[in-house]
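Some notes on the structure that comes next.
In our numbering, the protein residues as written are 82 to 437.
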């Protein structure tokens, strides 16, 4: 086949009908038609996230909104909880913005625990924390419910959560947990091509943003909110992505939210069961991701050769990321993928391993 089916943790597989939805003829971004599209997308995203918070849309990667989150919220000091490459990146972003911050890290493969969050916040040093819900590089899902419970004991602290590889795949009730910023891009759990990002923003974040200077323009939440109140964006957005989100939201609600979340749990169990028999699960037991599985390599199989054979057969998986390169591989099971897709992939890998 010309293009392999994607089992990588972003961009993920995009079904043909969703690709076609991005080819809609554009509308003017200051038109009534655009505002109608905007409202439909925002309403759908709020339902998926179980929130009444303001939804802000960005024509950027999630990295852009990671920067926006810290620039609009941190007045004193930020605690960046690090358990892998992408949570580490948020610390690097925070520091690059000139914001006082500390990296509070755990060993790769381990989860950020609520006890560590409490210990940090009891120092009184911080008015914001960043947490990655689902660390794509290690296949670890952090216990966001327990972490949010701790943060609620510190009302001066805002909770910023990277949901890049869990949003629209894992059930997270934003309002119930008191998450102040939840952000993602659309090329993972949303199952669309890359180039667009989404975040929910609480009222207290918007109030705090108003008091913070030097946020720039493009990622100023108050500027974004001003236009959001008019069902618009400050600058011309990727209108094709908004049509894509409209189409994907229709599919999500047709499947049913609970069915969608359960499908992701089922796919994860299927992959984890297979990995446990053939390789090793890299994530700490009890904290395995429901959207991407990271596998260790106890038998020293040539992972590059295995991946190349898969490519020849029309499948793409991911190798280890950063310091885990050559030591692990990752299989994504999120977005548009179904059980038949996963079973086809695993059967193909079995056949390859038999021949290696």
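Cβ coordinates follow ideal geometry from the N, Cα and C atoms, glycine included.
In its chain, beyond the 5 residues on either side, 420 have a beta carbon closer than 8 Å to the beta carbon of residue 347. When 392, 400, 328 are compared, the shortest CA-CA separation from residue 101 is found for 328. Scanning 353, 250, 292, 149 for the CA closest to the CA of residue 305 turns up 149. For the pair residue 384 and residue 131, the Cα-to-Cα distance works out to about 40 Å. Annotated as distal: residue 318 and residue 142, with beta-carbon spacing of 8 Å or more. For secondary structure counted as the alpha helix (DSSP H) over 4 or more consecutive residues, the region 190 to 216 holds these complete runs in sequence order: 195 to 202. The shortest C-alpha to C-alpha distance from residue 147 to any of 301, 325, 436, 323 is the one to 301. Bridge pairing for residue 410: 376, 400 [DSSP]. By the CB criterion at 8 Å, residue 373 and residue 411 fall inside the cutoff. Using a Cβ distance threshold of 8 Å, residue 166 and residue 403 count as a contacting pair. In this structure, 253 is the residue among 253, 296, 159 with its C-alpha nearest to the C-alpha of residue 338. Runs of beta strand (DSSP E) with 3 or more residues, each lying fully within the region 205 to 277, are found at 209 to 213, 239 to 243, 262 to 266, listed in chain order. When secondary structure is reduced to three states using DSSP, residue 163 falls in the strand class.
Three or more Cβ pairs closer than 8 Å define a contact, and the region 221 to 237 meets that threshold against the region 191 to 200. For residue 135, the enclosing beta strand (DSSP E) stretches over residues 135 to 139. By the 16-neighbour rule on beta-carbons within 10 angstroms, residue 240 is buried. Residue 362 carries a strand assignment under DSSP once its states are collapsed to helix, strand and coil. Just measuring C-alpha positions, the residue of 313, 231, 386, 333 sitting nearest residue 115 is 313.
The region 267 to 282 and the region 133 to 141 touch, with three or more beta-carbon pairs separated by less than 8 Å. For the set 255, 162, 399, 409, the Cα lying nearest the Cα of residue 360 is the one of 409. Taking 8 Å as the upper bound for CB-CB distance, residue 222 and residue 368 are in contact here, some 6 Å apart.
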